[in-house]
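Under UniProt numbering, the first residue of the sequence shown is numbered 1, with each subsequent residue one higher.
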Amino acid sequence: MMTRLGLPKSRCYMLQVVVDAMFIVSTAYIVQSQDGRVVMLCYRGTQPVNVVNWLTDLDADPAQVEYDLGDDHDERSRVHAGFYRNTRATRFAVIDVLQRALEGWSIAEGSEERIHPIEALYITGHSLGGAMAILMTVMLHAQRRYRDIASVYRATYTFGQPMIGTPEFARACEKLRLGSGDGLLQERIFRYVYGADVVPQLPPRESGRFQHFGVEYRCPRRRGGLPNQAWSRAHRHTSQTTGIGLLLGGVTMLTRQIALFRNLPWQQEIADHGPHNYITALTPKGIRSEFG
1 MMTRLGLPKS
11 RCYMLQVVVD
21 AMFIVSTAYI
31 VQSQDGRVVM
41 LCYRGTQPVN
51 VVNWLTDLDA
61 DPAQVEYDLG
71 DDHDERSRVH
81 AGFYRNTRAT
91 RFAVIDVLQR
101 ALEGWSIAEG
111 SEERIHPIEA
121 LYITGHSLGG
131 AMAILMTVML
141 HAQRRYRDIA
151 SVYRATYTFG
161 QPMIGTPEFA
171 RACEKLRLGS
181 GDGLLQERIF
191 RYVYGADVVP
201 QLPPRESGRF
211 QHFGVEYRCP
221 RRRGGLPNQA
231 WSRAHRHTSQ
241 TTGIGLLLGG
251 VTMLTRQIAL
261 FRNLPWQQEI
271 ADHGPHNYIT
281 ALTPKGIRSE
291 FG
């Protein structure tokens, strides 16, 4: 797959931690280009048939972060507990692999091959994976011990990502500077929202106040469910839906299968959340995607 996407002979290192009792299913893939100059950190999203993953998503009780965001330690600056716990579960192992790549080593298991050190680090994820990607991005830039890795960071791209923190947390993150010192971190965080995807509208208001940050791009879904590539930058971040909106979003998975209701203008749709929608809507014409 990576060869199709422009990284032939790349290396991939997978990390996973599963602790059912703590609602942890944390999976990260680290892809290193053949020459070592480009590294991508990819977090896996919610697995539809994994109950623990769903419990992670539902565990929205806000938790205090362990690092200083320069926000005068505002007690209201908190994050989604389930997302934060899953990110931390694999964090140190991820850092170890990134550090190895930064020092010019192959990340292939058991390899002692010397290659070029990282020049560009990209972080990405869909759904739960997007939330973890953002949290890891913030950790790299908020903690000085990771400044060497943060210095080669280029951007974070998320797809169908839920909100990860309170408005106070979002405002604090908006002030963080890039590890390279060239601009603000929020200018390198790109969130993509397809159609009426309900997940970027979560957690619901009943769970407390949450808010997005970064640069948001939206793409409407065409009538009839055909893919659309009309992406545009949003003037305002996607806001929270209600618990009722979340329930309606689930119902639309069924209405999408009925021709009579297929084109109704729902504001929340779980069907729009599928990663295949994002792949189809973002792949340029004439370029091969994961679908071949």
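Even for Gly, the Cβ is constructed at its ideal location relative to N, Cα and C.
Segments of 4+ residues assigned as alpha helix (DSSP H) that fall wholly inside the segment 21 to 65: Within the segment 21 to 65, the complete alpha helix (DSSP H) runs of at least 4 residues are 51 to 58.
Supposed contact pair residue 123 and residue 139 - C-beta distance, whole angstroms, cut 8 Å: Going by Cβ atoms, the distance from residue 139 to residue 123 rounds to 11 Å, so no, they are not a contact pair.
Proximity to residue 202 [Cα-Cα], best of 241, 173 and 187: 241
Euclidean distance between Cα positions of residue 246 and residue 58: 12 Å
Nearest-angstrom Cα separation, counted from residue 218 out to residue 229: 10 Å
Local conformation of residue 169 per DSSP, three classes: helix
Sequence ranges, alpha helix (DSSP H) only - wholly within the segment 150 to 216, length at least 4: Entirely contained in the segment 150 to 216, the alpha helix (DSSP H) runs reaching 4 residues are, in chain order, 167 to 174.
For residue 125, the residue or residues it bridges with in DSSP: In the DSSP assignment, the residues bridged to residue 125 are 43 and 158.
Cα-Cα separation between residue 77 and residue 285, rounded to whole angstroms: 42 Å
With 16 other Cβ atoms within 10 Å as the buried cut-off, status of residue 61: Of the other Cβ atoms in all chains shown, fewer than 16 fall within 10 Å of the Cβ of residue 61; this residue is therefore exposed.
Reduced DSSP category for residue 78 - H, G, I as helix; E, B as strand; rest coil: strand
Touching by the beta-carbon criterion (3+ pairs, under 8 Å), the segment 264 to 273 and the segment 189 to 206: yes
Beta-bridge pairing of residue 282 - partner residues as DSSP gives them: Answer is none; residue 282 lacks a bridge partner.
Any 3 or more C-beta pairs closer than 8 Å across the segment 142 to 160 and the segment 82 to 90: Counting Cβ pairs under 8 Å, fewer than three are found: no touch.
Coil, strand or helix - residue 14 by DSSP: strand
Neighbour flag for residue 40 against chain B, beta carbons, 8 Å: Among the chains in the structure shown there is no chain B, since it carries only a single protein chain.
Length of the line joining the Cα atoms of residue 100 and residue 206: 43 Å
Rounded C-alpha distance that separates residue 10 from residue 53: 29 Å
Residue from 168, 288, 68 and 132 whose Cα sits closest to the Cα of residue 94: 132
Nearest-angstrom beta carbon gap, residue 126 and residue 214 [assumed within contact, 8 Å]: Contact doesn't hold; Cβ gap of about 15 Å is too wide.
Cα-Cα separation between residue 33 and residue 168, rounded to whole angstroms: 37 Å
Nearest neighbour of residue 116, chosen from 164, 278 and 105 [CA to CA]: 105
Of the listed residues 75, 212 and 190, nearest to residue 233 (C-alpha basis): Ranked by Cα distance from residue 233, the first of 75, 212 and 190 is 190.
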